[in-house]
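Asker:
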Amino acid sequence: MNRREIAINKLKSLGDVILDDVTQGRIPRIKVPSRGTSNIIYDEDKRHYVLGDRYGTRSMGNVKQIKKIGQMLYTANFCKDLVAREKTATLRELYYISEGWEVDFADQQESNIVGEDLEVTLGMTREELGLMPEEDGASVYGALTVREGDIEIDALRSGKSGYNISPTIDEVEFVDHDVERVIAVETMGMFHRLVQEKAHKKFDALIVGLKGQAARATRRFIKRVNEELNLPVYICNDGDPWGFHIAMVIISGSAKLAHVNHQLATPDAKFLGVTASDIINYDLPTDPLKDVDVGRLKELLHDPRYRGDFWKTEIKKMLTIGKKAEQQSFSKYGLEYVVDTYLPEKLEAVENQ
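If you're matching positions, the sequence shown starts at 1 in full-length UniProt numbering and goes up one per residue.
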């Protein structure tokens with residue numbers, strides 16, 4: 001049974017639960033895994049957040065829950081139709097199409113939450129259910145050929161902006177590659193710098209431009225190339241708490257997406273970004289830490305994803321020097337410096353850890 005058939009069967013099963021309750025004379029109800037903070041656990045073995053075993057029950061015997069159940073069933077039926085017809089809809093389109101339902105949504109945040117409830121209840125991602133986010137995936141440049149349907153795309157011949165990762169990345173087939181690693185960079189400015197300096201050749205790498213916080217399709221792509229193509233992944237971000245967070249979401253997932261981190265997190269990915277030690281050792285141009293930066297760094301010290309000695313040392317050192325730096329600060333030494341000097345030195349150090 002393929003993923004499309006599995007999705008249709010699971011969506012139908014949600015309606016079957018309600019019908020069975022009605023047939024048996026019971027009050028219809030749906031069990032939904034809890035996504036509250038008390039049910040989100042950092043799994044030391046898996047090295048990412050997971051959901052615990054707590055459930056909530058939505059019952060039509062509770063007047064306040066009737067609308068939520070209706071919204072969930074309408075959304076499930078909509079998704080079943082999408083998957084059956086091999087179509088997709090954006091989350092924004094889901095919100096607008098609900099205007100014609102008996103139980104429409106007050107705003108898009110409400111429809112997004114119902115979409116998340118549906119994926120956690122069925123144990124499938126919203127992408128597998130035909131629902132797509134608005135944001136684009138990352139740009140990828142390097143010796144990788146993929147197949148989307150009956151079309152082959154060469155990421156090295158897709159222009160300087162590279163191949164744009166499809167929201168339906170699980171339907172994309174990896175045809176061929178000639179690289180040894182993946183280097184993901186936070187900003188598109190750094191992505192274009194690496195492309196111009198031919199970093200893909202120098203490091204035998206796929207260069208991935210994350211466009212800030214990586215979209216789900218981007219994280220899924222990175223996990224797939226790591227596991228299916230056996231490519232080590234390195235993440236190069238700004239030297240500040242927000243850059244650290246962007247990298248760590250790729251490595252260990254997020255609490256919000258604990259129910260799908262097993263498909264998105266890449267625990268073996270390595271941090272190649274700017275550290276407090278780099279700021280000192282390379283005498284980089286910096287900005288002073290703001291109060292919000294200091295507060296966030298202190299929060300990271302209590303986050304289980306940052307328990308390792310490396311992270312504790314670098315976070316404390318950044319608090320001590322009171323400074324942060326961007327990836328592009330290496331331009332102080334010339335446009336080529338980041339590819340000719342910094343990245344080779346940094347890669348060697350990280351690979352030998």
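Every residue, glycine too, gets a C-beta built ideally from N, C-alpha and C. Because the structure is a prediction, the values reported are computed rather than measured.
For V292, is the classification buried or exposed, using 16 other Cβ atoms within 10 angstroms of its Cβ as the cut-off for buried?
Answerer: exposed
Asker: Kindly provide the ranges of any alpha helix (DSSP H) runs that are 4 or more residues long and lie completely inside the region 93 to 168, ordered along the chain.
Answerer: The qualifying runs are 108 to 122.
Asker: Determine, using beta carbons only, whether A325 and G239 come nearer to each other than 8 Å.
Answerer: Note that the C-beta distance between A325 and G239 is below 8 Å.
Asker: With DSSP as the reference, identify every bridge partner of residue 367, one or two as the case may be.
Answerer: Only positions 1 to 353 of the chain appear in the structure, and residue 367 is not among them; the question remains open.
Asker: Could you tell me the distance, in whole angstroms, from the CA atom of V294 to the CA atom of L319?
Answerer: 7 Å
Asker: My guess is that A269 and N237 are in contact by the Cβ rule of under 8 Å, so how many angstroms apart are they, rounded?
Answerer: A269 to N237, Cβ: 12 Å. No contact.
Asker: By how many angstroms is the C-alpha of L144 removed from the C-alpha of D176?
Answerer: 6 Å
Asker: Which ranges would you report for the beta strand (DSSP E) in the region 258 to 324 if only whole runs of at least 3 residues count?
Answerer: none
Asker: In the structure shown, what three-state DSSP assignment does K46 receive?
Answerer: coil
Asker: What three-state label does DSSP hand I40 in the structure shown?
Answerer: strand
Asker: Compute the beta-carbon to beta-carbon distance between R157 and E173, rounded to the nearest angstrom, for a pair I have assumed lies under 8 Å.
Answerer: In this structure R157 does not touch E173 by the C-beta definition: roughly 18 Å separates them, more than the 8 Å allowed.
Asker: Under 8 Å, with one C-beta from each stretch per pair, do the region 48 to 68 and the region 80 to 96 reach the 3-pair mark?
Answerer: no
Asker: Compute the beta-carbon to beta-carbon distance between D117 and V32, rounded to the nearest angstrom, for a pair I have assumed lies under 8 Å.
Answerer: 6 Å
Asker: Near P241, which residues of its chain fall below 7 Å by C-beta distance, leaving aside the five closest residues on each side in sequence?
Answerer: These residues qualify, in order along the chain: D293, R296, L297 and L300.
Asker: Report the option in H245, T168 and L257 whose CA atom is closest to the CA atom of G36.
Answerer: L257
Asker: Give the range of the beta strand (DSSP E) segment to which residue 384 is assigned.
Answerer: Here the chain covers residues 1 to 353 and nothing more, so residue 384 does not appear.
Asker: Could you check whether I169 and A217 sit closer than 8 Å to each other, using their CB atoms as the reference points?
Answerer: yes
Asker: How big is the Cα-Cα spacing for K67 and T121?
Answerer: 17 Å
Asker: Nearest CA to the CA of G209: which residue from Y234, N230, K202 and R224?
Answerer: Y234
Asker: Per DSSP, what kind of secondary structure is K80 in: helix, strand or coil?
Answerer: helix
Asker: If we ignore side chains and look at the alpha-carbon of each, how far apart do T23 and I30 end up?
Answerer: 15 Å
Asker: Where do the ends of the beta strand (DSSP E) carrying I30 lie?
Answerer: Here the beta strand (DSSP E) through I30 covers R29 to P33.
Asker: Take R54 and list the residues in its own chain whose beta-carbon comes closer than 8 Å to its own, dropping the five residues that flank it on each side.
Answerer: P33, S34, G36, S38 and N39
Asker: Apply the 10 Å Cβ neighbour rule to T75 and answer buried if 16 or more other Cβ atoms are within range, or exposed otherwise.
Answerer: buried
Asker: Return the Cβ separation of G130 and P167 in integer angstroms, given the expectation that the two are a contact with Cβ distance under 8 Å.
Answerer: The pair is not a contact, with the Cβ atoms about 11 Å apart (cut-off 8 Å).
Asker: Excluding sequence positions up to five away, which residues of its chain have a Cβ less than 7 Å from the Cβ of K202?
Answerer: Only V339 meet the Cβ criterion.
Asker: Enumerate in chain order the residues of its own chain whose CB-to-CB distance from Y95 is below 7 Å, with the five nearest sequence positions on each side excluded.
Answerer: F105, Q108 and S111
Asker: According to the neighbour-count rule (16 or more other Cβ atoms, all chains shown, within 10 Å of its Cβ), is F310 buried or exposed?
Answerer: Counting every other CB atom within 10 Å of its CB across the protein chains shown gives F310 a total below 16, marking it as exposed.
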